[in-house]
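Report on the structure given below.
Protein chains: 2
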Amino acid sequence: MLDLLTSHASVRKYKDEPISDETFHKMLHAAQHAASSNFAQAYSVIQVKDPVKRDKLAELSKNRKQYDSAALALVFCADLRRLGHAAALHGKKILGGTAENFLVAVIDTALFAQNFVVAAESRGYGICYIGGVRNNPEPISELLELPDLVIPLFGMTVGVPAEKNEVKPRLPIEAILHEDTYDENKYDKILKEYDSVMEEYYRNRSANSKSNGWTDVMAAFLSEPRRTFMLDFLQSKGFLKIE
Amino acid sequence: MLDLLTSHASVRKYKDEPISDETFHKMLHAAQHAASSNFAQAYSVIQVKDPVKRDKLAELSKNRKQYDSAALALVFCADLRRLGHAAALHGKKILGGTAENFLVAVIDTALFAQNFVVAAESRGYGICYIGGVRNNPEPISELLELPDLVIPLFGMTVGVPAEKNEVKPRLPIEAILHEDTYDENKYDKILKEYDSVMEEYYRNRSANSKSNGWTDVMAAFLSEPRRTFMLDFLQSKGFLKIE
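Quick note, the sequences are listed as chains A and B, same order. Just so we're aligned: the first sequence equals residues 1 to 243 in our numbering. Just so we're aligned: the second sequence equals residues 1001 to 1243 in our numbering.
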């Protein structure tokens, strides 16, 4: 089982083999057994089957390659909307806009999604998370007719792998694990060593060989503004409002 | 494997059996292979060993029972701080305060945590997520000396189960799965049926039998203000700031 987890790498090209509804639903059902904050189950999945919508989704998320060949094209949504319906059955309204409830929905969705990934990979399928869905959350919300309090958090493609990336070396345990108190004094040394590991990995990998480490890529990734519309978008959908 | 996922239920009482560092680190290493947005790996785990700190954590998260008997007491943190160090090695600063980067860190942490749960459960351990860590995020941050851009997202206890809850029936697939467009018209019927299922479950379960459904519990849970300090707390740690 640990070997299965450790062998994860994104799959961006799939064989032309479908996944039956029965198999898909079995994997979803297993995934739903992830823990959920106060059992709110604050997530939804949109399965995009319509070829026109799928094409549009691929374009809007800037991930044409993945979506073109995948057996399943999914969008995972953080969802307080259904809970609003639950509350309305008792004449109540939910407080959608609090940061705490936003966290509940985002974390619930991510735990569920990762459980789904494990389910799918245990059956021999490959997957790719599509963070690119957050490049155009507003048009994608319109495309999928997502109401307030439902936001596309990430997409996912699933299918039988036609090719698979090599597994990337992760940060060493001591970088992510702290005992009793957070210790940042250790980072500079650890990160420089990790850069050497990643440089070797990037230089030697079979596809997209390049001469980067890790810290330089992260510095570039996180020092430039990205998706600066996100807070406005979230608030336009009813999340993260001051109540 | 699907059976393993489907058998998940929180464990709140553990046998007095330790988990070796070797085993813990193996499970963490496997967990790190969860996908990560642009490979940022924006998470940290604090393992709380010091009995005084552990006692304080149990009190602050209002989960004494879990923390008292668990082999491992963990706090999972969304962490952009380490990425700040990575950027500083290249004379750059990261944009910590954007909603997008906040999402990156929260989702990364949750995917990693859920992978860890699967790893632990595959080895026969039980776990319990402790959302209660968000009852007192500021004092817990002080206790664990978390700097800016590191926030305690949830805790977790891990150990050999002494008792285990029964598995709760999840929402039916059709409640969480939508085809091409989001369909909320179906909810009222589905949720009423689910209430019957949950009523039967709660009535018949061996511990904490009660006469609730699901929608009534959710209505109560989400219509009252909870953790209203959360947005202020997040912003005080450098997240979700208008840049």
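For each residue, glycine too, the CB sits at the ideal point set by N, CA and C. Bear in mind the structure is a predicted one, so any value in this text is a computation, not a measurement.
query	result
Starting from A78 of chain A, trace the beta strand (DSSP E) both ways and give me its first and last residue.	72-79
Smallest Cα separation from E1138 of chain B: which of B:L1057, B:L1028, B:K1049?	B:L1057
Counting contacts by CB-CB distance shorter than 8 Å, is I19 of chain A in contact with chain B?	no
Could you tell me the distance, in whole angstroms, from the CA atom of F39 of chain A to the CA atom of A1009 of chain B?	11 Å
Please list, in chain order, all residues of the same chain as A1078 of chain B whose beta carbon is under 6 Å from its beta carbon, the five residues on each side excluded.	A1105, V1106, T1109, I1151, L1153
Is P225 of chain A closer than 8 Å to L1095 of chain B when the C-beta atoms are compared?	yes
Would you list, in chain order, the members of the region 129-148 of chain A that have their beta-carbon closer than 8 Å to a beta-carbon of chain B?	Y129, G131, R134, L144, E145, L146, P147
Under 7 Å between beta-carbons, which chain B residues line up against L95 of chain A? List them in chain order, please.	L1222, S1223, P1225
Going along the region 14-46 of chain A in order, which residues come within less than 8 Å of chain B, judged by CB to CB distance?	H25, K26, M27, L28, H29, A30, A31, Q32, H33, A34, A35, S37, N38, F39, A40, Q41, Y43, S44, V45, I46
Is H1025 of chain B buried or exposed, if buried means 16 or more other CB atoms sit within 10 Å of its CB?	exposed
Mind checking whether D1162 of chain B and K1015 of chain B have CB atoms under 8 Å apart?	Looking at the sequence provided, one finds Ala at residue 1162 of chain B rather than Asp. Going by C-beta atoms, A1162 of chain B is nearer than 8 Å to K1015 of chain B.
Label R81 of chain A either buried or exposed according to how many other C-beta atoms from any shown protein chain fall within 10 Å of its C-beta, with 16 as the threshold for buried.	buried
Under DSSP, the alpha helix (DSSP H) around I1173 of chain B begins and ends at which residues?	1173-1176
I need the straight-line Cα distance from T1215 of chain B to P1172 of chain B, nearest angstrom please.	14 Å
Taking just the CA atoms, how far does A30 of chain A sit from K1092 of chain B?	43 Å
For P147 of chain A, which three-state DSSP category applies?	coil
Can you check whether the C-beta of D216 of chain A is within less than 8 Å of a C-beta belonging to chain B?	yes
Check the C-beta distance from A34 of chain A over to L111 of chain A and give it rounded, since I have them as a contact under 8 Å.	4 Å
At a CB distance below 7 Å, what residues from the region 46-61 of chain A approach chain B? Give them in sequence order.	I46, Q47, V48, K49, D50, K53
Taking 8 Å as the CB-CB limit, is N63 of chain A close to chain B?	no
Could you give the residue range of the alpha helix (DSSP H) that holds I1190 of chain B?	1187-1204
So with CB distances below 8 Å, who are the chain A contacts of A1119 of chain B?	M1, L2, L5
Using 8 Å as the Cβ pair cut-off and three pairs as the minimum, do the region 1040-1051 of chain B and the region 178-194 of chain A touch?	yes
From the beta carbon of S1010 of chain B, is the nearest beta carbon of chain A less than 8 Å away?	yes
At a Cβ cut of 8 Å, what residues of the region 1145-1176 of chain B count as close to chain A, listed as they run along the chain?	E1145, L1146, P1147, V1150, L1153, F1154, V1167, K1168, R1170, L1171, I1173, A1175, I1176
Listed from N- to C-terminal order along the chain, which residues in the region 1096-1111 of chain B have their beta-carbon within a distance smaller than 9 Å of any beta-carbon of chain A?	G1096, T1098, A1099, E1100, N1101, F1102, L1103, V1104, V1106, I1107, D1108, T1109, A1110, L1111
With 16 other CB atoms within 10 Å as the buried threshold, where does V48 of chain A fall?	buried
Please classify K210 of chain A as buried or exposed, where buried requires at least 16 other C-beta atoms within 10 Å of its C-beta.	exposed
Within the same chain, show all residues whose beta-carbon is closer than 6 Å to that of G159 of chain A, passing over the 5 residues directly before and after it, in chain order.	Y14, A70, A71
Please determine, among A:A119, A:S141, A:N208, A:S236, the residue with the shortest C-alpha to C-alpha distance to L1004 of chain B.	A:A119
Considering only C-alpha positions, which residue in the set A:A99, A:M198, A:K53 is nearest to E264 of chain A?	The shown model of chain A, from 1 to 243, leaves out residue 264 of chain A, and the question about it has no answer.
Under 8 Å Cβ-Cβ, which residues of chain A neighbour D1188 of chain B?	H85, L89
What is the rounded straight-line gap between the Cα of K192 of chain A and the Cα of L1149 of chain B?	21 Å
Residues in the region 1067-1078 of chain B with C-beta within 7 Å of chain A's C-beta atoms, listed in sequence order?	none
Once the 5 residues before and after Q1235 of chain B are set aside, which same chain residues still bring their CB inside 7 Å of it?	K1241
Can you round the beta-carbon distance between L1060 of chain B and N1136 of chain B to whole angstroms, since I take them to be within the 8 Å contact cut?	4 Å
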